[in-house]
Structures are given as C-alpha cells and as structure tokens.
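If you read the sequence shown in full-length UniProt numbering, its first letter stands for residue 1, the second for the next number, and so on.
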Amino acid sequence: MDSVNLLLADDHRIVREGLKMILESSPRYTVVGEASDGDELVSKALAVKPDLIVSDLKMPGPSIIDSCKQLKDQLPEVKVLILTAFDESEDVFRALESNVDGYIMKDTVPEQILHTMDMVMMGYSCFQSKLQRKRKEESDVSFTDREQEVFELIVDNLSNQEIAQRLYISEATVKTHVSSILRKTGQPNRSQAVLYALKKGLVKIGP
C-alpha cells in the first residue's frame with residue numbers, strides 16, 4: 001500500500017501522543033502535523049496538505065464537521081476521519097452530510113482504528129454504529145429479520161463478502177438483501193441508506 005501522511009488533531013496533548021503511537025505503529029502512516037484546536041487544524045491542513053486527517057470531534061474553535069467542506073474544496077484528495085468519545089446520532093448525521101469519510105469511537109481497539117483508516121484511504125465510507133431496532137409501527141420502513149441483520153452489518157462497515165461469511169449465506173443472497181434495503185429506503189447506495197436511517201432515528205451510534 002502507498003504511504004499516507006496524516007494530520008492528527010486533538011485538544012489534549014496526552015491523547016495526541018497516545019494516538020500518534022497507535023497510528024505510527026503501522027509503517028504506512030506518518031504523522032506530519034498536529035493541531036490542538038479547530039483553527040489550527042485548518043491552517044495546518046492547508047500548510048502540510050495531508051492525505052488523511054484524523055480529528056477529535058469536539059475541540060475549541062470550529063468543529064471538523066464545520067470545516068470539512070472548506071478543507072475538501074481546497075484539498076480535494078484529503079480524507080477525513082473523526083475519532084471521538086461522543087456517539088450522538090445528530091453528530092453522525094451532520095458528519096455524513098459534511099462528507100466526512102469516517103466516524104469511529106476512541107475506545108476502538110488499535111487494530112480496528114488502523115483497519116478503518118485503511119478502508120477510508122481505499123475510498124470507503126466508514127461509520128462505526130449499531131442499528132437500533134424499532135417497532136414496525138414507529139417507522140414507515142420495515143425490514144424482514146434477515147434484512148435487519150444485513151443492514152446492521154452494513155452499518156458496522158462489513159463488505160458483502162464479510163456479511164455472507166458472518167450470516168452463513170451466499171454473497172449473491174447478500175446482494176439481494178442489500179438491493180431490497182436500498183429499494184425500501186429509496187436510497188442509491190449504502191452510505192445514503194445509513195443517512196436515511198439516521199434521519200428516521202433508526203441508527204444508534206455506539207462503540
């Protein structure tokens with residue numbers, strides 16, 4: 001894999017130091033800049049032009065969610081991954097609308113953080129979340145039990161192949177369920193289906 005230069009942003013120095021050790025445990029990633037608030041994040045990003053920004057959600061100054069559009073307008077190739085302790089659905093909804101590429105919790109194991117970074121750099125949208133089951137009468141969309149299982153795994157960022165292995169079904173069957181989920185939600189792709197679920201209150205973000 002190609003090497004990746006990343007910018008790390010967190011308002012707590014001790015957290016940045018710990019994260020830097022985790023992120024640079026992979027020879028692929030090199031921290032080329034650090035920021036401790038939203039304004040510094042923007043200025044550092046424009047200066048060092050990183051391939052990936054790994055940022056806390058709630059820091060002094062503008063949120064990475066609010067800055068993401070500006071950054072992507074000026075750095076079209078940059079990927080943005082939020083690493084946070086907050087799991088509020090409204091934050092995730094705003095992150096999706098702002099074209100953030102990933103959103104994971106700080107208590108995620110290091111191996112999974114690095115895996116998510118790899119996926120984001122490959123162009124995947126990676127939002128660590130759990131689908132909250134709702135009574136059918138509470139929503140205008142209802143899924144079969146199997147579709148519900150598949151959707152939960154989609155939200156947990158599993159590929160069709162991984163879902164097939166997890167549920168002991170064929171990949172073709174998974175694709176059929178995914179198509180049904182997209183049809184029922186009226187969305188063109190997985191990311192938009194997750195966004196729809198957030199709007200409807202069907203998704204609860206958690207570790």
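Yeah, the Cβ is synthetic: ideal placement off N, Cα and C, and Gly gets one too. What you are looking at is a predicted structure, and each value in this text was computed from that prediction instead of being measured.
Is residue i near residue j, with beta carbons less than 7 angstroms apart?
i	j	result
Val78	Cys68	no
Pro50	Asn5	yes
Ile181	Glu147	yes
Tyr103	Val120	no
Glu171	Asn160	yes
Ile82	Ser55	yes
Leu7	Gly33	yes
Rank the options by C-alpha distance to the C-alpha of residue i and give the top, closest one.
i	options	result
Thr173	Val150, Leu182, Ala193	Val150
Ser142	Ser43, Lys184, Met117, Thr84	Lys184
Met21	Gly123, Phe127, Glu111	Glu111
Asp2	Ser25, Ala9, Thr30	Thr30
Ala9	Ser98, Ser43, Ser26	Ser43
Glu97	Asp66, Arg166, Gln74, Leu114	Asp66
His115	Ala95, Ile14, Glu24, Arg13	Glu24
Gln74	Glu90, Met122, Arg94, Val48	Val48
Leu19	Arg94, Glu90, Lys106, Asn99	Lys106
Leu57	Glu90, Glu162, Ser191, Lys175	Glu90
Ser191	Phe127, Ser26, Arg28	Phe127
Ser26	Ala95, Ile113, Arg94	Ile113
Please classify residue i as buried or exposed, where buried requires at least 16 other C-beta atoms within 10 Å of its C-beta.
i	result
Gly186	exposed
Glu17	exposed
Asn189	exposed
Thr144	exposed
Tyr168	exposed
Asp101	buried
Arg133	With a pLDDT of only 37 at Arg133, under 50, the local geometry of the prediction cannot be trusted, and the value read off the model is given with reservation. Exposed, by the Cβ-count rule.
Ala85	exposed
Ala164	buried
Val178	buried
Ile64	buried
Ile14	exposed
Ala197	buried
Would you grab the beta carbon distance between residue i and residue j for me? Rounded to a whole angstrom, and I think it's under 8 angstroms.
i	j	result
Leu71	Ala45	6 angstroms
Glu76	Asp11	Looking at the sequence provided, one finds Pro at residue 76 rather than Glu. Contact flag wrong, Cβ pair sits at about 27 angstroms.
Leu41	Met117	That pair is no contact at about 17 angstroms.
Val155	Val194	6 angstroms
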